[in-house]
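In the UniProt record's numbering, the protein residues as written are 1 to 98.
A virtual CB, placed ideally from N, CA and C, is assigned to each residue, including glycine.
Here's the structure we're looking at; comments come further down.
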Amino acid sequence: MTPQHFEVIDTRTIRPFKYPRLAHNGYLYHFHKKCTHHLRWKCNRVYSLKCPAVLRTNINYEQGHIVVDHEHVHGYDFIAIEALKTRINVVKQSSLFK
Numbered sequence: 001m002t003p004q005h006f007e008v009i010d011t012r013t014i015r016p017f018k019y020p021r022l023a024h025n026g027y028l029y030h031f032h033k034k035c036t037h038h039l040r041w042k043c044n045r046v047y048s049l050k051c052p053a054v055l056r057t058n059i060n061y062e063q064g065h066i067v068v069d070h071e072h073v074h075g076y077d078f079i080a081i082e083a084l085k086t087r088i089n090v091v092k093q094s095s096l097f098k
């Protein structure tokens, strides 16, 4: 099984969470919970659109394999991913960022 590529988006500049967001195949995921052998990430639209898609990575999420459980019930999140990156860049470039 070959490793699948995903993008780690560090959101600590805009939110004080321990885990970043993950972008994989045009969809955005946020951290859900830590299991014994893997981390579970829920689709970013789980609450607004009741999307059941779940991403599983190994404990060290920055390298390793990805498994996607369930299908998405919506289109790609390319706009949401770019908006998140833009928001992070604006905060980093602002004079209030320490």
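Who are the Cβ neighbours of residue i in its own chain at under 8 Å, not counting the five residues just before and after it?
i, result
"R87", "I14"
"K50", "V73"
Please report how far the alpha carbon of residue i lies from the alpha carbon of residue j, in whole angstroms.
i, j, result
"V8", "A23", "7 Å"
"E82", "H37", "31 Å"
"K33", "W41", "7 Å"
"F78", "L84", "10 Å"
Ends of the alpha helix (DSSP H) at residue i?
i, result
"L84", "78-93"
Quick one: using the 10 Å Cβ neighbour count with 16 as the cut-off for buried, is residue i buried or exposed?
i, result
"L39", "buried"
Is residue i helix, strand or coil when you go by DSSP?
i, result
"K42", "strand"
"V8", "strand"
"R56", "strand"
Quick one: residues in its chain with C-beta nearer than 7 Å to the C-beta of residue i, no 5 flanking neighbours on either side, listed in chain order?
i, result
"D10", "P20"
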